[in-house]
Amino acid sequence: MTTRLHSLFDDFGQSPWLDNLKRSFVTSGELKITRDSGIRGLTSNPTIFQKAIQGSKDYDDQFSTLVKEKLSPIDCYWQLVLRDIRSAAEVFAELYDSSKGLDGFVSVEVDPGLAQDGDATLAAARELHRRVAKNNVMIKIPATIEGLPVIRTMIAEARNVNVTLIFSLERYQQVMDAYVDGLEELAKVSPDKLSGVASVASFFISRVDTEIDRLLEQSPHQGAKDLLGTAAINQAKIAYKMFTANFSGPRWQRLADLGARPQRPLWASTSTKNPNYPDTLYVDNLIGANSVNTLPDNTVAAFVDHGRLGETITKNVDLAESQWAKLAEFGVQVGDVAARLEREGVTSFQKSFNELIGVLGSKSAEISQ
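Read left to right, the sequence shown gives residues 164 to 532 (the numbering used here).
Take a look at the structure:
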(Lines of atoms letter the chains of each structure in order from A and count residues from 1; the text may use other names and numbers.)
(Lines give C-alpha, C1' and ligand atoms only; values in the text may rest on other atoms or scores of the structure.)
Protein backbone atom coordinates (compact mmCIF):
# COMPACT_ATOMS: atom_id res chain seq x y z
CA MET A 1 0.00 0.00 0.00
CA THR A 2 1.35 3.41 -1.00
CA THR A 3 1.35 5.86 1.90
CA ARG A 4 2.08 9.56 2.24
CA LEU A 5 5.55 8.47 3.35
CA HIS A 6 6.14 6.76 0.01
CA SER A 7 4.88 9.83 -1.85
CA LEU A 8 7.14 12.08 0.19
CA PHE A 9 10.13 10.37 -1.39
CA ASP A 10 8.77 9.20 -4.74
CA ASP A 11 7.09 12.48 -5.68
CA PHE A 12 9.07 15.11 -3.77
CA GLY A 13 12.51 13.61 -3.15
CA GLN A 14 12.46 13.84 0.64
CA SER A 15 13.42 10.86 2.77
CA PRO A 16 11.37 10.26 5.93
CA TRP A 17 13.38 8.63 8.72
CA LEU A 18 12.20 7.40 12.11
CA ASP A 19 13.50 9.19 15.20
CA ASN A 20 13.28 6.27 17.61
CA LEU A 21 14.74 2.85 18.37
CA LYS A 22 14.12 0.18 20.96
CA ARG A 23 14.84 -3.53 20.94
CA SER A 24 11.22 -4.63 20.61
CA PHE A 25 11.00 -2.77 17.28
CA VAL A 26 13.43 -5.26 15.83
CA THR A 27 12.50 -8.43 17.68
CA SER A 28 8.77 -8.02 17.00
CA GLY A 29 9.24 -7.31 13.30
CA GLU A 30 7.71 -3.85 13.74
CA LEU A 31 10.75 -2.12 12.29
CA LYS A 32 10.46 -4.07 9.04
CA ILE A 33 6.79 -3.10 8.80
CA THR A 34 7.74 0.52 9.48
CA ARG A 35 10.41 0.37 6.77
CA ASP A 36 7.94 -1.07 4.28
CA SER A 37 5.47 1.71 5.11
CA GLY A 38 7.88 4.23 3.59
CA ILE A 39 10.35 5.03 6.39
CA ARG A 40 13.81 5.12 4.81
CA GLY A 41 16.19 5.34 7.76
CA LEU A 42 16.46 5.77 11.51
CA THR A 43 18.08 8.07 14.05
CA SER A 44 18.79 7.55 17.73
CA ASN A 45 20.27 9.58 20.57
CA PRO A 46 21.12 9.10 24.27
CA THR A 47 17.63 10.18 25.37
CA ILE A 48 16.01 7.61 23.08
CA PHE A 49 18.20 4.85 24.50
CA GLN A 50 17.57 5.97 28.07
CA LYS A 51 13.83 5.59 27.52
CA ALA A 52 14.25 2.28 25.71
CA ILE A 53 16.57 0.62 28.22
CA GLN A 54 14.91 1.94 31.39
CA GLY A 55 11.43 1.51 29.98
CA SER A 56 11.40 -2.22 29.29
CA LYS A 57 12.80 -5.57 30.35
CA ASP A 58 13.97 -6.35 26.83
CA TYR A 59 17.57 -5.65 27.81
CA ASP A 60 17.68 -7.52 31.12
CA ASP A 61 19.04 -10.84 29.90
CA GLN A 62 21.87 -9.30 27.90
CA PHE A 63 22.66 -6.88 30.71
CA SER A 64 22.85 -9.66 33.29
CA THR A 65 25.25 -11.59 31.07
CA LEU A 66 27.44 -8.53 30.61
CA VAL A 67 27.54 -7.84 34.35
CA LYS A 68 28.59 -11.42 35.01
CA GLU A 69 31.39 -10.87 32.51
CA LYS A 70 32.57 -8.02 34.79
CA LEU A 71 31.90 -5.23 32.30
CA SER A 72 31.56 -1.71 33.68
CA PRO A 73 28.20 0.09 33.43
CA ILE A 74 29.41 2.28 30.56
CA ASP A 75 30.76 -0.73 28.67
CA CYS A 76 27.43 -2.47 29.24
CA TYR A 77 25.66 0.57 27.81
CA TRP A 78 27.62 0.42 24.59
CA GLN A 79 27.09 -3.31 24.23
CA LEU A 80 23.33 -2.85 24.61
CA VAL A 81 23.28 0.08 22.18
CA LEU A 82 25.51 -1.54 19.58
CA ARG A 83 23.34 -4.64 19.47
CA ASP A 84 20.28 -2.49 18.71
CA ILE A 85 22.13 -0.38 16.15
CA ARG A 86 23.52 -3.41 14.31
CA SER A 87 20.11 -5.09 14.32
CA ALA A 88 18.41 -1.98 12.95
CA ALA A 89 21.13 -1.58 10.33
CA GLU A 90 20.45 -5.13 9.16
CA VAL A 91 16.76 -4.31 8.75
CA PHE A 92 17.62 -1.31 6.57
CA ALA A 93 20.51 -2.94 4.68
CA GLU A 94 18.33 -3.97 1.74
CA LEU A 95 17.09 -0.40 1.32
CA TYR A 96 20.65 0.89 1.59
CA ASP A 97 21.67 -1.42 -1.23
CA SER A 98 18.65 -0.77 -3.45
CA SER A 99 18.99 3.02 -3.04
CA LYS A 100 22.72 2.76 -3.84
CA GLY A 101 23.66 4.24 -0.49
CA LEU A 102 21.23 7.15 -0.51
CA ASP A 103 19.07 5.88 2.36
CA GLY A 104 18.79 2.92 4.70
CA PHE A 105 21.00 4.57 7.32
CA VAL A 106 20.91 4.12 11.09
CA SER A 107 22.56 6.81 13.25
CA VAL A 108 24.27 6.36 16.62
CA GLU A 109 25.72 9.18 18.72
CA VAL A 110 29.11 9.44 20.37
CA ASP A 111 29.27 9.99 24.13
CA PRO A 112 27.67 13.46 24.55
CA GLY A 113 29.97 14.17 27.48
CA LEU A 114 32.77 14.70 24.96
CA ALA A 115 30.99 17.47 23.01
CA GLN A 116 33.49 20.16 24.07
CA ASP A 117 36.56 17.95 23.55
CA GLY A 118 37.39 17.56 19.88
CA ASP A 119 40.24 15.08 20.29
CA ALA A 120 38.20 12.82 22.54
CA THR A 121 35.19 13.05 20.23
CA LEU A 122 37.31 12.05 17.24
CA ALA A 123 38.77 9.07 19.08
CA ALA A 124 35.30 8.01 20.23
CA ALA A 125 33.80 8.46 16.77
CA ARG A 126 36.50 6.36 15.13
CA GLU A 127 36.11 3.65 17.74
CA LEU A 128 32.32 3.64 17.42
CA HIS A 129 32.60 3.40 13.65
CA ARG A 130 35.00 0.47 14.00
CA ARG A 131 32.83 -1.38 16.51
CA VAL A 132 29.57 -1.00 14.61
CA ALA A 133 31.22 -2.18 11.38
CA LYS A 134 28.17 -1.56 9.17
CA ASN A 135 28.27 0.37 5.90
CA ASN A 136 24.83 1.86 6.52
CA VAL A 137 25.56 3.41 9.92
CA MET A 138 26.18 7.12 10.47
CA ILE A 139 28.14 8.33 13.49
CA LYS A 140 26.42 11.31 15.09
CA ILE A 141 28.75 14.17 16.02
CA PRO A 142 27.47 17.37 17.65
CA ALA A 143 27.95 20.58 15.69
CA THR A 144 29.85 22.31 18.46
CA ILE A 145 32.87 24.42 17.54
CA GLU A 146 35.02 21.58 18.83
CA GLY A 147 33.11 19.11 16.67
CA LEU A 148 33.78 20.84 13.33
CA PRO A 149 37.34 19.52 12.84
CA VAL A 150 36.10 16.07 13.85
CA ILE A 151 33.48 16.18 11.10
CA ARG A 152 36.08 17.17 8.53
CA THR A 153 38.47 14.41 9.62
CA MET A 154 35.81 11.71 9.72
CA ILE A 155 34.69 12.59 6.19
CA ALA A 156 38.31 12.70 5.01
CA GLU A 157 38.60 9.15 6.36
CA ALA A 158 35.55 8.09 4.33
CA ARG A 159 33.28 7.59 7.35
CA ASN A 160 29.55 8.44 7.32
CA VAL A 161 28.55 11.29 9.62
CA ASN A 162 25.28 12.66 10.95
CA VAL A 163 26.04 16.15 12.24
CA THR A 164 23.60 16.83 15.05
CA LEU A 165 22.43 19.79 17.17
CA ILE A 166 22.56 22.53 14.52
CA PHE A 167 20.60 25.60 15.59
CA SER A 168 22.01 28.50 13.56
CA LEU A 169 22.61 29.42 9.94
CA GLU A 170 26.20 30.40 10.72
CA ARG A 171 26.99 27.03 12.25
CA TYR A 172 25.22 25.28 9.37
CA GLN A 173 27.57 27.02 6.91
CA GLN A 174 30.56 25.85 8.97
CA VAL A 175 29.20 22.29 8.93
CA MET A 176 28.83 22.31 5.15
CA ASP A 177 32.34 23.73 4.83
CA ALA A 178 33.72 20.97 7.05
CA TYR A 179 32.02 18.35 4.89
CA VAL A 180 33.32 19.74 1.60
CA ASP A 181 36.80 20.26 3.06
CA GLY A 182 36.78 16.64 4.22
CA LEU A 183 35.76 15.39 0.80
CA GLU A 184 38.52 17.40 -0.84
CA GLU A 185 41.06 15.86 1.52
CA LEU A 186 39.72 12.41 0.71
CA ALA A 187 39.84 13.14 -3.01
CA LYS A 188 43.60 13.79 -2.78
CA VAL A 189 44.35 10.29 -1.48
CA SER A 190 41.40 8.06 -2.41
CA PRO A 191 39.14 9.66 -5.02
CA ASP A 192 37.49 6.31 -5.63
CA LYS A 193 36.01 6.40 -2.11
CA LEU A 194 34.00 9.61 -2.48
CA SER A 195 30.93 7.85 -3.86
CA GLY A 196 30.70 5.74 -0.69
CA VAL A 197 30.59 8.65 1.75
CA ALA A 198 27.26 9.91 3.07
CA SER A 199 26.38 12.66 5.52
CA VAL A 200 23.40 14.62 6.79
CA ALA A 201 23.31 17.92 8.66
CA SER A 202 20.64 17.79 11.37
CA PHE A 203 18.93 21.14 11.86
CA PHE A 204 16.78 21.17 14.99
CA ILE A 205 13.40 22.75 14.33
CA SER A 206 10.74 22.85 17.07
CA ARG A 207 13.09 23.98 19.84
CA VAL A 208 13.82 27.14 17.82
CA ASP A 209 10.13 28.07 17.79
CA THR A 210 9.73 27.24 21.48
CA GLU A 211 12.51 29.62 22.47
CA ILE A 212 11.86 32.41 19.98
CA ASP A 213 8.10 32.32 20.61
CA ARG A 214 8.84 32.81 24.31
CA LEU A 215 10.89 35.91 23.52
CA LEU A 216 8.28 37.27 21.11
CA GLU A 217 5.58 36.85 23.74
CA GLN A 218 7.69 38.98 26.10
CA SER A 219 8.46 41.64 23.51
CA PRO A 220 6.82 45.05 24.03
CA HIS A 221 7.12 45.82 20.31
CA GLN A 222 3.98 46.06 18.23
CA GLY A 223 3.85 43.30 15.67
CA ALA A 224 6.10 40.89 17.53
CA LYS A 225 3.31 38.41 18.11
CA ASP A 226 2.59 38.32 14.38
CA LEU A 227 5.80 36.28 14.03
CA LEU A 228 4.82 33.58 16.50
CA GLY A 229 5.33 30.13 15.00
CA THR A 230 7.32 31.39 12.00
CA ALA A 231 10.96 31.37 13.09
CA ALA A 232 11.83 27.68 12.86
CA ILE A 233 10.32 27.17 9.42
CA ASN A 234 11.76 30.45 8.14
CA GLN A 235 15.25 29.50 9.30
CA ALA A 236 14.91 26.07 7.68
CA LYS A 237 13.88 27.66 4.37
CA ILE A 238 16.92 29.92 4.46
CA ALA A 239 19.11 26.93 5.36
CA TYR A 240 17.74 25.01 2.38
CA LYS A 241 18.56 27.94 0.12
CA MET A 242 22.10 27.83 1.50
CA PHE A 243 22.23 24.08 0.86
CA THR A 244 21.32 24.46 -2.81
CA ALA A 245 23.88 27.24 -3.22
CA ASN A 246 26.69 25.34 -1.51
CA PHE A 247 26.19 22.12 -3.42
CA SER A 248 26.40 23.67 -6.86
CA GLY A 249 29.04 25.56 -8.80
CA PRO A 250 32.56 24.60 -9.96
CA ARG A 251 34.03 23.63 -6.58
CA TRP A 252 31.25 21.21 -5.81
CA GLN A 253 31.06 19.92 -9.38
CA ARG A 254 34.66 18.75 -9.22
CA LEU A 255 33.73 16.54 -6.27
CA ALA A 256 30.43 15.48 -7.78
CA ASP A 257 32.28 14.33 -10.90
CA LEU A 258 34.18 11.92 -8.62
CA GLY A 259 30.90 10.57 -7.26
CA ALA A 260 30.50 12.76 -4.17
CA ARG A 261 26.99 13.19 -2.75
CA PRO A 262 25.70 16.42 -1.25
CA GLN A 263 25.35 16.53 2.51
CA ARG A 264 21.57 16.54 2.80
CA PRO A 265 19.87 18.80 5.35
CA LEU A 266 17.96 16.78 7.91
CA TRP A 267 15.07 18.36 9.77
CA ALA A 268 15.15 17.07 13.36
CA SER A 269 13.01 17.78 16.42
CA THR A 270 9.93 17.88 14.20
CA SER A 271 7.22 17.06 16.70
CA THR A 272 5.30 20.21 17.65
CA LYS A 273 5.81 21.29 21.25
CA ASN A 274 3.03 23.92 21.17
CA PRO A 275 -0.42 22.26 21.26
CA ASN A 276 -1.85 25.24 19.38
CA TYR A 277 0.19 24.33 16.30
CA PRO A 278 -0.80 21.58 13.83
CA ASP A 279 0.85 18.27 14.66
CA THR A 280 2.33 18.00 11.17
CA LEU A 281 3.51 21.62 11.01
CA TYR A 282 7.19 20.72 10.75
CA VAL A 283 6.63 18.09 8.08
CA ASP A 284 4.12 19.79 5.79
CA ASN A 285 6.17 22.99 5.57
CA LEU A 286 9.65 21.49 5.14
CA ILE A 287 9.23 19.29 2.06
CA GLY A 288 11.94 19.54 -0.57
CA ALA A 289 14.19 17.39 -2.71
CA ASN A 290 17.48 16.02 -1.39
CA SER A 291 16.47 16.44 2.24
CA VAL A 292 15.56 14.22 5.19
CA ASN A 293 12.91 14.61 7.89
CA THR A 294 13.37 12.41 10.94
CA LEU A 295 10.07 11.88 12.75
CA PRO A 296 9.11 10.50 16.16
CA ASP A 297 6.42 7.82 16.15
CA ASN A 298 3.49 10.12 16.87
CA THR A 299 4.46 12.51 14.07
CA VAL A 300 4.81 9.62 11.63
CA ALA A 301 1.29 8.50 12.51
CA ALA A 302 -0.09 12.02 12.21
CA PHE A 303 1.51 12.62 8.82
CA VAL A 304 0.34 9.29 7.42
CA ASP A 305 -3.18 10.15 8.58
CA HIS A 306 -3.55 13.77 7.52
CA GLY A 307 -0.26 15.29 6.37
CA ARG A 308 -0.23 17.63 3.37
CA LEU A 309 1.99 16.79 0.41
CA GLY A 310 3.66 19.37 -1.82
CA GLU A 311 7.04 21.04 -2.21
CA THR A 312 7.03 23.75 0.44
CA ILE A 313 10.62 24.40 1.50
CA THR A 314 11.24 26.61 -1.55
CA LYS A 315 8.02 28.63 -1.23
CA ASN A 316 7.97 32.23 0.01
CA VAL A 317 11.69 32.30 0.78
CA ASP A 318 11.80 36.09 0.42
CA LEU A 319 9.13 36.40 3.10
CA ALA A 320 11.04 33.95 5.28
CA GLU A 321 14.19 36.05 4.99
CA SER A 322 12.41 39.32 5.77
CA GLN A 323 10.58 37.86 8.78
CA TRP A 324 13.78 36.26 10.04
CA ALA A 325 15.61 39.60 9.77
CA LYS A 326 12.76 41.38 11.54
CA LEU A 327 13.26 39.30 14.71
CA ALA A 328 16.15 41.57 15.71
CA GLU A 329 13.82 44.59 15.64
CA PHE A 330 11.70 42.87 18.26
CA GLY A 331 14.65 42.19 20.55
CA VAL A 332 15.30 38.59 19.51
CA GLN A 333 19.02 37.93 19.06
CA VAL A 334 19.03 34.71 17.06
CA GLY A 335 22.74 34.12 17.70
CA ASP A 336 22.14 34.10 21.45
CA VAL A 337 19.16 31.80 20.98
CA ALA A 338 21.22 29.34 18.95
CA ALA A 339 24.06 29.31 21.49
CA ARG A 340 21.64 28.70 24.34
CA LEU A 341 19.82 25.92 22.49
CA GLU A 342 23.12 24.23 21.63
CA ARG A 343 24.18 24.28 25.28
CA GLU A 344 20.80 22.97 26.38
CA GLY A 345 20.81 20.27 23.71
CA VAL A 346 24.22 18.98 24.70
CA THR A 347 23.31 19.15 28.39
CA SER A 348 20.06 17.28 27.80
CA PHE A 349 21.82 14.40 26.04
CA GLN A 350 24.55 14.35 28.70
CA LYS A 351 21.90 14.19 31.43
CA SER A 352 20.12 11.26 29.77
CA PHE A 353 23.40 9.46 29.22
CA ASN A 354 24.63 9.99 32.79
CA GLU A 355 21.31 9.05 34.36
CA LEU A 356 21.19 5.82 32.40
CA ILE A 357 24.78 4.92 33.31
CA GLY A 358 23.85 5.54 36.95
CA VAL A 359 20.83 3.25 36.71
CA LEU A 360 22.91 0.56 35.03
CA GLY A 361 25.49 0.93 37.80
CA SER A 362 22.83 0.36 40.48
CA LYS A 363 21.39 -2.64 38.64
CA SER A 364 24.88 -4.03 38.15
CA ALA A 365 25.53 -3.83 41.88
CA GLU A 366 22.26 -5.68 42.59
CA ILE A 367 23.09 -8.45 40.13
CA SER A 368 26.62 -8.82 41.52
CA GLN A 369 25.44 -9.27 45.10
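We put the CB at the ideal spot given by N, CA and C, even for glycine.
Whole-Å CB distance - residue i paired with residue j, under 8 Å assumed
i: E518; j: Q213; result: 6 Å
i: I314; j: V338; result: 7 Å
i: S515; j: S434; result: Not quite, the Cβ-Cβ distance comes to about 17 Å (not below 8 Å), so this is no contact.
i: S250; j: V189; result: 4 Å
i: V535; j: L258; result: Not covered by the structure: residue 535. The range shown for the chain is 164 to 532.
i: A287; j: V300; result: Contact doesn't hold; Cβ gap of about 14 Å is too wide.
i: Q426; j: A364; result: 5 Å
i: Y205; j: F255; result: According to the sequence shown, residue 205 is Leu rather than Tyr. Indeed, because the Cβ distance is near 7 Å, the residues count as touching under 8 Å.
i: V230; j: I530; result: 5 Å
i: Y335; j: I520; result: Not quite, the Cβ-Cβ distance comes to about 31 Å (not below 8 Å), so this is no contact.
i: D266; j: R203; result: 4 Å
i: S331; j: G498; result: 7 Å
Among the options, nearest to residue i - alpha-carbon criterion
i: L458; options: T190, H169, S170 and P179; result: P179
i: V244; options: S261, K220, S207 and S219; result: S207
i: G192; options: S382, I375, Q242 and E253; result: E253
i: D173; options: S485, G473, G494 and V480; result: G473
i: I476; options: S531, S358, W430 and L332; result: W430
i: R186; options: S525, D224, P383 and S200; result: D224
i: T210; options: Q336, S227 and L184; result: L184
i: F175; options: N479, A296 and A452; result: A452
i: N325; options: G521, Q513, D468 and V455; result: V455
i: G359; options: L421, L391 and R203; result: L421
i: L285; options: N479, E309, R294 and R377; result: E309
i: E380; options: N461, G524, G494 and L234; result: G494
DSSP state of residue i mapped onto helix, strand, coil
i: A431; result: strand
i: V269; result: strand
i: G204; result: strand
i: L449; result: coil
i: N439; result: coil
i: P425; result: coil
i: L328; result: strand
i: N456; result: strand
i: A408; result: helix
i: D182; result: strand
i: A296; result: coil
i: Q337; result: helix
i: Q398; result: helix
Identify every run of the alpha helix (DSSP H) within the segment 226-273, keeping only runs that are complete inside it and at least 4 residues long; order them along the chain. Scanning the segment 226-273 for uninterrupted alpha helix (DSSP H) segments of 4 residues or longer gives 236-261, listed from N- to C-terminal end.
Decide yes or no for the touch test of the segment 217-233 against the segment 164-179: beta carbon pairs closer than 8 Å, at least 3 of them. Segments in contact, no.
Three or more C-beta pairs under 8 Å: does that hold for the segment 370-378 against the segment 497-504? Between the segment 370-378 and the segment 497-504 there are three or more C-beta pairs closer than 8 Å, enough to call the two in contact.
Entirely within the segment 474-501 and at least 4 residues each: give me those alpha helix (DSSP H) ranges in chain order. Fully enclosed alpha helix (DSSP H) runs of no fewer than 4 residues occupy 480-489 of the segment 474-501, in order along the chain.
If we count Cβ pairs, one from each stretch, closer than 8 Å, do we get three or more for the segment 348-359 versus the segment 432-449? Here the segment 348-359 makes no contact with the segment 432-449; the two share fewer than three CB pairs at distances below 8 Å.
Entirely enclosed beta strand (DSSP E) segments - the segment 347-392, minimum 3 residues: At a cut-off of 3 residues, the continuous stretches assigned as beta strand (DSSP E) that sit fully inside the segment 347-392 are 362-367.
Within the chosen definition, does the segment 488-496 reach the segment 382-395 through at least 3 CB pairs nearer than 8 Å? The segment 488-496 and the segment 382-395 touch, with no fewer than 3 CB-CB distances between them shorter than 8 Å.
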